[in-house]
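In what follows, a structure is listed as structure tokens, so that the remarks can point back to it.
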Amino acid sequence: MKRREFLKEAAVLANAAALGGLARGGQQRPALCPVTLLSMPDYGRDMGKEIADIMAGDGLVLKGKKVLLKPNFVEAHPERPINTNPAVIAGVASACLRLGAAEVAVGEASGHRRDPWFSVLSPALKSMLDRRVKCLDLNHGDAVATLNKGGRTGLPAFYLARPVAEADVLISLPKMKTHHYAGVTLCLKNLFGTLPGIYYGWPKNLLHFRGIENSILDLAQTVRVHYGIIDGVVGMEGDGPIMGKAKPVGALVLSPFPLAADTTAARLMGFDPRKILYLVQAGRFLPGLRAEDVVLRGENPKRFATRFDCLEDFKRARGGPFF
Amino acid sequence: MITALEKAALVNRLLSFALPGGGLPYYRQGGPSAEPALLALLALSASGAAGVSAKPLLSWVSGLQNADGSVGLNPDHRSQGLWLTAPAAVVFHHFGLKEARDRTLGFVTSVKSVTVANDPNIRQDNTLTGWPWVRGTFGWVEPTAWSVVALNVCGLVGHPRAVEGRAFLLDRQIPSGGWNYGNPGLNDRELLPFWDTTGLALIAVRGKTDAARVRASLDLLEKSQEKIVSPCGLAWTVMSLESYGRDASRLKQRLFGVMNSQPDDALNTAHFAAGLIALAGQKVFLP
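Next up, the structure:
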């Protein structure tokens, strides 16, 4: 399906969702999803305690748990903010340790670059992490064949990196970016990096063939994300996820509901999530699509709401003001 | 100068990762996987240590070969990772396993990437056939380069697939030099090269390509030496520069230093094995 067809279908689905027909079949009242905006003007602050307080306030229990942090590393570019900033990863890792996690690991199966030196085995990242935090190259390692609970791609199973399959708690830590095929890339799209490159290649072209949106949705139904923290301190606008420009927003978006984190981030970026196909479809099985499903906490969203530049095809997905 | 004793210590360190069942994991405490075993076998061969120590690895790898000649990722997922069949062909060739080698070559030459019509907005020839990571998908630089290397090493330099594979690789070369996963540019902007992929692609096209066509890539590696810091990047840069007769002695010393200083928990055995091949100086990826 081409991008224009995606958008056309998104508009139809959005209208249906607005009428209450699709999300949860109009039967069930959606859960209210807390989403917290944490002001973070730059990466210089030790953010561990603040993040721990918010996660605890959201009821995330980590005591004695095996926690996997899944940042987004695609490529290393000297000027472009493509990857989740190491300071955010270190802050979240520190927060998990504060909350009593038995094990904290940072794992990623980087989508373009095979050499783990440029992602989770980067000395720069390791130097910022607490010594107790492990770094796991998910591209090169064991995988567990896991039944695909979505069924849109036609793939019977996903080969999930073993640390993903075995984690008690998975925290998705994406960068706030536009995406040239999907519109935005946030907590749910970040799940591509749970699949090892030795099974899927670099890039994970099989997922492109089966439909990027289908793949995001199948993964979102198969892999449980327990918490999402979006690095919007500096995001990427324009031709994301690798060719865009830096866009400072100055906030982290935190939620135990990944779709709610994604839709809130999309609104902060100036996009109407009801016009982004995969977010609309994810609203069929995850709470948090509509603004009224979300309870915003923390800073006033007006402080951060902005308008991300995007490719022509996604200008139709713009909306707002939302706050 | 790296002494034979120092190289032997590196070989022993690599072998300390070997699993009781004969395989090798990428990382300590992982399960066995084909790529580290294949590169370790080549490292043992290049280091002159392919005696008794190679036998369990070779037997384990041979056991991964499927009826159709392909070699999969590991015993539990034999149908996955079919791109590993090409490096397996190189290993079977060097270890004199002719029947196994010929079966891998049969498989390699049968696998084709999906091609599509050219897009005027993207300056690459999408009609060229290369090799995919996964059957039924597009061709990408690394699996194509491995397949061309396998055909070259096994005496099929002139095979039509090798010829088209080289054309594919040259087409995906970034105009200012180097290769990445397989897109030289997007929307008229060049993408960044990767050191490891650049090294492998240069080795694949060597000998049958006009030197001028790859000069920018070789020059890029040469002038970027100070920026290349990872074991994997250093290993493939050393191998490719030496394949073209360029000096890589300083890089070799750095590679040796990096390999020695790597903590066990960050040591990727496939990259470590590639480092050993580079330090050995035996050109196992050339005909």
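Heads up: the protein sequence lines correspond to chains A and B, in order. Counting along the first sequence from 1, when you hit position 49 you're at 61 in my numbering, and nothing is skipped either side. Counting along the second sequence from 1, when you hit position 154 you're at 167 in my numbering, and nothing is skipped either side. Beta carbons are placed, not taken as given, at the ideal position from N, Cα and C, and that holds for glycine.
Asked: Measuring CB to CB, does D70/A end up less than 9 Å from Y239/A?; Found: yes
Asked: Between P69/B and G310/A, what straight-line distance do the alpha-carbon atoms span, to the nearest angstrom?; Found: 59 Å
Asked: Assign Q125/A to buried or exposed, taking buried as 16 or more other Cβ atoms, counted over all protein chains shown, within 10 Å of its Cβ.; Found: The sequence given here places Arg at residue 125/A; Gln does not occur at that position. R125/A comes out buried.
Asked: Quick one: does Q93/B have its CB under 9 Å from some CB of chain A?; Found: yes
Asked: Just verifying my parser: in three-state terms, what is the DSSP assignment at I66/A?; Found: helix
Asked: Could you tell me which residues DSSP pairs with G198/B in its beta bridges?; Found: E203/B
Asked: For G149/B, decide whether its Cβ has a neighbour in chain A, counting only Cβ atoms nearer than 9 Å.; Found: yes
Asked: What do you get for K20/B, buried or exposed, if any count of 16 or more other CB atoms within 10 angstroms of its CB means buried?; Found: buried
Asked: Checking contacts by CB at 9 Å: is E155/B closer than that to chain A?; Found: yes
Asked: Would C147/A count as contacting chain B if we go by Cβ distances under 9 Å?; Found: yes
Asked: Report the rounded CA-to-CA distance for G38/A versus L271/A, giving the unit in angstroms.; Found: Its pLDDT being 38, under 50, G38/A is placed unreliably by the model, and the measurement read from it follows with that caveat. So the two alpha carbons sit approximately 18 Å from each other.
Asked: In the stretch 30-63 of chain B, which residue ranges form an unbroken beta strand (DSSP E) of at least 3 residues, counting only runs that do not cross its ends?; Found: none
Asked: Count Cβ pairs between the stretch 103-110 of chain A and the stretch 76-94 of chain A that sit closer than 8 Å; are there 3 or more?; Found: yes
Asked: Report all residues from its chain with a CB closer than 7 Å to the CB of L159/A; omit the five preceding and five following residues, and keep chain order.; Found: A169
Asked: Which partner residues of E249/A appear in the DSSP bridge assignment?; Found: K257/A
Asked: To be precise: take each residue of the stretch 101-129 of chain A, compare its Cβ to all Cβ atoms of chain C, and keep it if any distance is under 8 Å. Which residues remain?; Found: No chain C appears in the structure shown, which is made up of the protein chains A and B.
Asked: Figure out for me which residue from L71/B, N273/B, A101/B has the closest Cα to the Cα of V84/B.; Found: A101/B
Asked: According to the neighbour-count rule (16 or more other Cβ atoms, all chains shown, within 10 Å of its Cβ), is P299/A buried or exposed?; Found: buried
Asked: Pull up the CB-CB distance for L148/A and P175/A, whole angstroms please, since I reckon it's below 8 Å.; Found: 5 Å
Asked: Measuring alpha carbon to alpha carbon, tell me which of L247/B, H284/B, L215/B, L280/B ends up nearest F298/B.; Found: L215/B
Asked: Specify the secondary structure class of Q186/B as computed by DSSP and reduced to three states.; Found: coil
Asked: Hey, out of P208/A, K75/A, S184/A, whose CA is closest to V237/A's CA?; Found: S184/A
Asked: Taking only beta carbons into account, state which residues of the stretch 74-90 of chain A come closer than 7 Å to chain B, listed in chain order.; Found: E87, H89
Asked: Between A113/B and chain A, is the shortest Cβ-Cβ distance under 9 Å, so that the two count as touching?; Found: no
Asked: Measuring only the C-alpha atoms, how far is R92/A from I290/B?; Found: 34 Å
Asked: Are A88/A and Y55/A touching if we call contact CB-CB under 9 Å?; Found: no
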